[in-house]
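What follows is a set of notes on a single structure, which appears directly below.
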Ligand SMILES: Nc1ncnc2c1ncn2[C@@H]1O[C@H](COP(=O)(O)OP(=O)(O)O)[C@@H](O)[C@H]1O
Ligand SMILES: [Mg+2]
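Residue numbers (the working numbering), protein chains in the order written: chain A, 15 to 198; chain B, 738 to 1146.
In structure tokens form, the structure reads like this:
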């Protein structure tokens, strides 16, 4: 335990994903000793992020405008949608440069243990994107774990009556290979 | 195979321990509570990544320390492999094979195979079904390490399904009324979400998804258990006869939580195809849905099954004498040993922890004769006189006192 505000900082940092008590302590003391200008820049970015970043109205990816960069790009193939769990998964698929379509971010995966059911995911939004018939192919790229697989099964069944081409992509596999083989 | 060296750091009662081992028999002597079982428990951990005594890692780390290390040099077909395990409760354990870190500790499974027999194993005969299921599943993993993953997946899916049953009880109960009908295809295909009773439909639709996944993995597990039991049964009969010198026939009947007629066929010794087992599981989920929702737990599946052991016409549990129960428990372990030996074309390491004290003189002698051709046997005992001389004569004896191991000649 440290004096008031230092401990507050450690506690806040410790709340972040992937940062345990030891890392939180290390980062806190680093910040305390860092040049004030550097800390000011960091705190400005933190404030801006919450001000400027929002979620794309269409796909749910992080964006700085009502539409994200990808949804706003007219060169993308709007007949294919790749469904992922989180915005970070969009970035992962983008890095492969194999997919030219659009995305749909669910905001998680079905996990009753964490109290997350299909109604807590952006599935309704996905269905309304598919309603006008412009999309002919959906690629499900949820994580290759128990929750991701259950979500994929749920989606596959939910989408089945729509007569789309629905494929499953396991995002944990060496991505380049998988994309090449699956996308033919 | 055999273990040439075992070394421990902060494992159980040992700050450090170095135990050179060799093929043949190693006898570990010491009064009760001195740390004999702790040594063989460490060896078992290298083989199974778990303890035969406790379900969590915390008690394995020496009190006051934060991490335990086990190192074992395993020799198989003249090739040595060093396995190193760091057990750190609250964090991910780490493993090295031949000095390089493996990405998943699970990759260690398969390097060392052990069969351990301890007084606790009497529960295989007299105790709850969970112990018998674990015996089968542990043996599956020892035969083929990939079953560790299947088993883990099954447990995870089961937990998710139980959570769903608990949470959605109200919604599911309301919808459980009509017979069959299948939850599929109601709100699912509609482009506009159904409004009023959508929580019911959605809960059913989700349950159906978990049913599929539980049946996929559960059918593999169940099928594998049935095949294992089929292979094991004749070996059990032979081992029991040798240990007990009795003619009583042993039977091991798999009691599946599936519906008839599949359950009866399985009990009669049939091994249906995986696809049939899968369909059987899905049917059983449908049939038990109301009860499952009411109780908020999964009532069918391999996690509810049992293996009923019998001697002659009588079930062993509740009927077998103390001596018979011991012979049967020992028979199960020796059968597992024979099965692995046959599969691998190589001997697993046999550990007999504190068992000679429990057997009468005749059974002791027969057991000693039975294990005489095993590549490596580790025997622990509090009283030296309990271990037949012919066994002790085959190797070295260590004395354990208060966490110190010394060789006696
Ligand atoms: N995590 C631990 N830290 C320190 N001592 C332990 C730990 N776990 C068990 N022990 C001690 O080890 C002893 C039991 O050792 P064990 O090998 O079971 O004895 P035995 O020789 O009878 O087989 C007990 O005295 C117990 O207090
Ligand atoms: Mg003991």
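Idealized CB from N, CA, C, for every residue including glycine. Quick caveat: nothing in here was measured; it's all calculated off a predicted structure.
Next item on the list: Please compile the residues from chain B whose C-beta is within a distance smaller than 9 Å of the C-beta of residue 154 of chain A.
Entry: Per Cβ cutoff of 9 Å: no residues; residue 154 of chain A is ~13 Å from chain B at best.
Note to self: So, does the segment 1042-1051 of chain B touch the segment 979-988 of chain B, judging by three or more C-beta pairs under 8 Å?
What the structure shows: yes
Checklist line | Same chain only: Cβ atoms within 6 Å of residue 28 of chain A, ignoring 5 sequence neighbours per side | finding: 35 and 38
Item checked: Nearest candidate by alpha-carbon position, reference residue 93 of chain A, set A:100, A:85 and A:99 -> A:85
Margin query: Between which residues of its own chain and residue 810 of chain B is the CB-CB distance below 6 Å, once the five residues before and five after are set aside?
Written below: 741, 742, 817 and 819
Next item on the list: Give the single residue among B:900, B:1015 and B:1082 whose Cα lies nearest to the Cα of residue 1034 of chain B.
Entry: B:900
Notebook entry, point to check: What span of residues does the alpha helix (DSSP H) with residue 845 of chain B cover, start to end?
Noted result: From DSSP, residue 845 of chain B is part of no alpha helix (DSSP H); its letter is neither H nor E.
Margin query: Within a Cβ cutoff of 6 Å, which residues of the same chain sit near residue 164 of chain A, ignoring the five residues on either side of it in sequence?
Written below: 124
Note to self: Tell me the rounded alpha-carbon separation between residue 1005 of chain B and residue 1086 of chain B.
What the structure shows: 33 Å
Check: Ordered along the chain, which non-local residues of its own chain (more than five positions away) have a Cβ less than 7 Å from that of residue 798 of chain B?
Finding: 747, 804, 805, 824 and 826
Next item on the list: Name the one or two DSSP bridge partners that residue 69 of chain A has.
Entry: A:76
Margin query: Just to check my reading of the structure: residue 1000 of chain B and residue 132 of chain A have Cβ atoms closer than 8 Å, yes? What is that Cβ distance to the nearest angstrom?
Written below: At roughly 33 Å, the Cβ-Cβ gap does not stay under 8 Å, so residue 1000 of chain B and residue 132 of chain A are not in contact.
Next item on the list: Give me the Cβ distance between residue 99 of chain A and residue 162 of chain A, rounded to the nearest whole Å; I'm assuming they're in contact under 8 Å.
Entry: 7 Å
Margin query: Could you check whether residue 169 of chain A and residue 152 of chain A sit closer than 9 Å to each other, using their CB atoms as the reference points?
Written below: yes
Item checked: CA-to-CA distance, residue 127 of chain A to residue 904 of chain B, given in whole angstroms -> 9 Å
Margin query: What I want to know is whether the C-beta of residue 773 of chain B ends up closer than 8 Å to one or more non-hydrogen atoms of ligand 2.
Written below: yes
Notebook entry, point to check: In this structure, does DSSP put residue 1144 of chain B in helix, strand or coil?
Noted result: strand
Next item on the list: Spatial neighbours of residue 1040 of chain B within its chain, please: CB distance less than 7 Å, with the 5 preceding and 5 following residues excluded, ordered by chain position.
Entry: 895
Check: Below 8 Å, can you find three or more Cβ-Cβ pairs linking the segment 1064-1077 of chain B to the segment 966-978 of chain B?
Finding: yes
Checklist line | Pick from A:17, A:182, A:104 and A:53 that is closest to residue 74 of chain A, judged by C-alpha positions | finding: A:104
Check: Should residue 925 of chain B go down as buried or exposed, given a rule of 16 or more other Cβ atoms within 10 Å for buried?
Finding: Bear in mind that a pLDDT of 39 at residue 925 of chain B, under 50, signals an unreliable position, so the number given afterwards is only what the model happens to contain. Flag for residue 925 of chain B reads buried.
Check: Would the beta-carbon of residue 1094 of chain B be found less than 8 Å away from any heavy atom of ligand 1?
Finding: no
Note to self: Between the alpha carbons of residue 914 of chain B and residue 885 of chain B, how many angstroms are there, rounded?
What the structure shows: Reliability fails at residue 914 of chain B, whose pLDDT of 46 lies under 50, so the model's placement of it is uncertain and the value that follows must be treated cautiously. Computed Cα separation, rounded: 38 Å.
Check: Looking at the structure shown, is residue 33 of chain A part of a helix, part of a strand, or coil, going by DSSP?
Finding: coil
Next item on the list: Please report how far the alpha carbon of residue 1121 of chain B lies from the alpha carbon of residue 1036 of chain B, in whole angstroms.
Entry: 48 Å
Notebook entry, point to check: Taking Cβ positions only, does residue 844 of chain B come closer than 9 Å to chain A?
Noted result: no
Notebook entry, point to check: Run through DSSP, which three-state label would residue 1132 of chain B get?
Noted result: strand
Next item on the list: Could you tell me which uninterrupted beta strand (DSSP E) segments, each at least 3 residues in length, are contained entirely in the segment 975-1046 of chain B, listed from first to last along the chain?
Entry: 987-992
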